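*Asks:*
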Amino acid sequence: MSSQVQVPGSVGIARRPRRRGDGVWPWLFIAPLLLGIGVFYLWPIAQTVYYSFTTFGVFGGSTFSGLDNYRQLVTDPSLYRSLLNTLLYTLIVLLNIPIALYLASLMNMPGLRFASVYRVIYFLPFVAMPTAVAFVWRIIYNGDFGVLNYLLGLVGINGPYWISTPGAAIVAVAVVGLWSNLGFSIIVLGAGLKTIPQELYEAAQLDGASRWRQFRSVTVPLLTPTIAFLVIITVITSLQLFDLLYAILGSTNPTLSKSMSLVYFFYRSGFVTNDKGYAAAIAVVILFIIGATTAVQFRLQRRWVHGG
Amino acid sequence: MHQAPRSTSPLGRPAKAVLAASVLALGLAACGGSSTSQSTSSSAASGAAGAASASTDLKATLTYGLWDQTQVPAVQKVLAGFNAKYPGVKVNVNVTPYADYWTKLQTQASSKTLPDVFWMNGPNFQLYAANKQLAPITDQVKSGAIDPTKYPKALDDLYTLDGVQYGVPKDFDTIAIWANTALFKEAGVALPTGDWTWQQFQDTAKQISDKLKSKGIYGAAAGMDGQTTYYDTIFQAGGTVVDGKKSGYDSAASQQGIQFWTDLIKSGASPSVKQLTDTTADQWFTSGKLAMYQGGSWFRSALTKGPVSSSVKVLPLPMGKQKATVIHGVANVVAASSKNKEAAQALQDYFASQEAEQTLGSAGSVIPAYTGTQSTFAASMPGADLQVFLDALAYAKPLPVSANTAAWNALETDLLPDAFSGARPVADVTKELAAKMDTALGHE
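Chains as they are written, first to last, in this note's numbering: chain A, 14 to 321; chain B, 90 to 533.
(1) Taking the straight line between their C-alpha atoms, what separation do you get for V201 (chain A) and G221 (chain A)?
(2) Check for me: the alpha helix (DSSP H) holding L4 (chain A) runs from which residue to which?
(3) Determine which residues share a DSSP beta bridge with K335 (chain B) and list them.
(4) Might you give, ordered along the chain, the residues of its own chain that have their beta carbon closer than 6 angstroms to the beta carbon of S510 (chain B), omitting 5 neighbours on each side?
(5) With distance defined between alpha-carbon atoms, name the residue in A:I245, A:L275, A:I299, A:M120 nearest to R312 (chain A).
(6) Could you tell me how far apart the beta carbons of L151 (chain B) and N429 (chain B) are, in whole angstroms, since I believe they sit closer than 8 angstroms?
(7) Apply the 10 Å Cβ neighbour rule to N109 (chain A) and answer buried if 16 or more other Cβ atoms are within range, or exposed otherwise.
(8) Would you list, in chain order, the members of the segment 255-287 of chain A that have their beta-carbon closer than 8 angstroms to a beta-carbon of chain B?
(9) Considering only the alpha carbon of each residue, which of B:A224, B:T322, B:F440 lies closest to D260 (chain B)?
(10) On the DSSP bridge list, what partners appear for Y153 (chain B)?
(11) Cβ of A243 (chain B) within 8 angstroms of Cβ of I456 (chain B)?
(12) Comparing alpha-carbon positions, which option in B:Y319, B:Q443, B:D189 lies nearest T238 (chain B)?
(13) Looking at chain A, is there any beta carbon in it that lies within less than 8 angstroms of the beta carbon of S216 (chain B)?
(14) Run down chain A in chain order and give the residues with a C-beta less than 7 angstroms from the C-beta of P506 (chain B).
(15) Find the residues of chain D that neighbour N121 (chain A), judging by a C-beta separation of less than 9 angstroms, and give them in chain order.
(16) Using a Cβ-Cβ distance cut-off of 8 angstroms, determine whether D503 (chain B) contacts chain A.
(17) Out of A:P111, A:A204, A:A128, A:I176, point me to the one whose CA is closest to G263 (chain A)'s CA.
(18) Under the three-state reduction of DSSP, which class applies to Y83 (chain A): helix, strand or coil?
(19) Note down the Cα distance separating L219 (chain A) from V318 (chain A), rounded to an integer number of angstroms.
(20) Residues in the same chain with beta-carbon distance under 6 angstroms from K334 (chain B), minus the five sequence neighbours each way, listed in chain order, please.
(21) Quick one: what's got a C-beta closer than 8 angstroms to W156 (chain B)'s C-beta in the same chain, skipping five residues either side?
(22) Flag this pair as touching only if the segment 309-326 of chain B and the segment 367-377 of chain B have three or more C-beta atom pairs under 8 angstroms; answer yes or no.
(23) Grouping DSSP H, G and I as helix and E and B as strand, with all else coil, what is Y277 (chain A)?
(24) State the beta-bridge partners of D262 (chain B) as determined by DSSP.
(25) Taking its Cβ as the centre, do 16 or more other Cβ atoms sit within 10 Å of W40 (chain A), making it buried, or is it exposed?
(26) What is the rounded straight-line gap between the Cα of N82 (chain A) and the Cα of G70 (chain A)?
(27) Does any residue of chain A bring its CB to less than 8 angstroms from the CB of L530 (chain B)?
(28) Is there contact here, the segment 288-306 of chain B with the segment 375-389 of chain B, by at least three beta-carbon pairs under 8 angstroms?
(29) The beta strand (DSSP E) spanning T67 (chain A) covers which residue range?
(30) Give the secondary structure of L379 (chain B) by DSSP, where H, G and I count as helix, E and B as strand, and everything else as coil.
(31) Which residues of the segment 322-338 of chain B have a Cβ closer than 9 angstroms to any Cβ of chain A? Give them in chain order.
(32) Rounded to whole angstroms, what is the Cα-Cα separation between D507 (chain B) and V515 (chain B)?
(33) Can you find a CB in chain A that lies within less than 8 angstroms of the CB of K355 (chain B)?
(34) Quick one, are the C-beta atoms of L353 (chain B) and A294 (chain B) less than 8 angstroms apart?
(35) Report buried or exposed for Y163 (chain A), applying the criterion of at least 16 other Cβ atoms within 10 angstroms of its Cβ.
(36) Taking 8 angstroms as the cut-off, does the segment 126-140 of chain A touch the segment 206-216 of chain A (at least 3 CB pairs, one atom from each stretch)?
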């Protein structure tokens, strides 16, 4: 083998100076991707927006109905209830980030044995199928025969019927969401922790900073880009809550109308009651909410993210 | 909830004699003037029966869409009989789980790629028939290939829209009470015999609940599914659920039908609405914590194993103002857009024949719809008196449906729990439900 060392890329640049306009080639190379995005994302989005202004037949065929769907939507209490539920869910799931930060720091402590074992244990819920996870929790939450109420009973608390009491149901689902997101956050934050130079801690130690002070003044500020990433991802996925809710509560749960999320509301309108134009309008509203929330977050990031 | 009966039982249980009989019936169910064919062995598969009829030289490849995996072995047997008659027609069986079946079917209908022949149920039928997705069976009835009088009238009606019938009933289910005789004995309560009244039912349930409450056992359960609970009691009270374009909920009779379940919960005879959400009525029954489960004939297949199955007896539904039970059944329909309509209708005809129905019934998971082929079902659980489900045909009423059934089914699921739990007076809830349902029916 040759022992020569080449600086990657340097040769190419030297050999082929960049000409003005690369012609059609770059476009050809990204065409497969663009085509995929266009056919499977952009075109359906455009169609959905169009359908939201129509009354859509069950077997296709739509008639333009202007703003009718939106007019009906703004007066529909289900919209506001499902919006509130979704926000509550998102807030609770966001709590997984501080918890994950704490756990990730613990696991990152030098000299900790079995660190990777802990990581696997925390990550398992994230790779498990949501439906399987949901069914296990459904049994845990069971009001009469569930483990949770049995444990609460031991300390004298009479637990509610978690998944069939309005109010409690969405919280119960959110706790599962928090729990199953924990592993992902820990892995991402753990990777972030590894990028913080050890010298900073040594310097802080020399200055007499306590463990807590080091955490507050070194770890957290340097992790803010990672935290910001997690917040954005968590908010987007939480706003799309559907599978956990559907699987834990069950499709015939009487509290569903009071516990449903935005996406469940969409599913129900489009595929249960067959009002697809109305469902399209809900989808557009969801798209708008997620888009706006994400845009606001990117804007706010500049204020609190290190180097953001 | 409107699923076809599910079965976990494998083939093979039914007596061989029955199988042989079904094969012999081949000749009797002569289809479209074919000459008599007989086979003496029970292997009626390809080639054995060399019936020669005018259309046996049909050549086509068909798709048959259905949702119940457990019925596939029986369906394959029927198809073997079909291929003996029509060797040139290849049938691909396409199973989609019930949860996705209707979503998929809608997509297929929109793109004109529906299976040539497929299963239809009551709640969805009018949606497909009204939108011209189904082929009428009118000509087949005229030619004598299908005889609607051989099936329960309530089912023929279920698959008829504006005087035109589109589907041929394949099987049916009725509702009755599944009783756990061991719990009756434990509570020291006598098992009801013959016809009984609402009051007797309520009293029996309460007695058992009171006696066995310490063990967490209940007498009966107010499950919140229309087909198996409140539709039955509404009919028994003389009410209706849907009447043309109007909801039937805003009537005194229908309110009594709901009140029945409210009372059952209030007296402590049934677990509460919340308890029944966490653990469904059938789960209470199969785990030996419920003495009387009002459920469908399809529940039979859930009872082939488990500790409860040895002490099960079927009782008729108690009667209110009158006797009533809800009947529903799956039908075979042909897609209007099918490119091989002749072959598809030949398959539909064959499924409708006594021979095919007998084969289906012998598999034991469903009650075949063809009159006279049901005895194997009744005999499949000796001592349990499954005959009650067949006797119920005499007073059965079709499952309430409309053009967009799912829209007001969702309203029932939303609103009725408040009536059941007593959170709001029954009359208030049914009034609101009727108003919202009328709006939904008006949109159809």
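Ideal Cβ placement from N, Cα and C applies to all residues, glycine included.
None of these values were measured; they are calculated from a predicted model.
*Replies:* Here's the rundown:
(1) 29 angstroms
(2) Outside the shown range of chain A, which is 14 to 321, sits residue 4 (chain A), and nothing can be said about it.
(3) B:D332
(4) V362
(5) A:I245
(6) 6 angstroms
(7) buried
(8) G263, T265, N266, P267, T268, L269, S270, R281, F284, V285, T286, N287
(9) B:F440
(10) B:V182, B:V206
(11) no
(12) B:Q443
(13) Sequence check: residue 216 (chain B) is Leu here, not Ser. Yes, L216 (chain B) counts as interfacial toward chain A.
(14) P267
(15) The displayed structure is made up of protein chains A and B, and chain D is not among them.
(16) yes
(17) A:I176
(18) helix
(19) 26 angstroms
(20) L530
(21) Q92, A93, V184, T185, P186, Y187, Y190, W208
(22) yes
(23) helix
(24) B:H417
(25) exposed
(26) 14 angstroms
(27) no
(28) yes
(29) 67-69
(30) strand
(31) none
(32) 8 angstroms
(33) no
(34) yes
(35) exposed
(36) no
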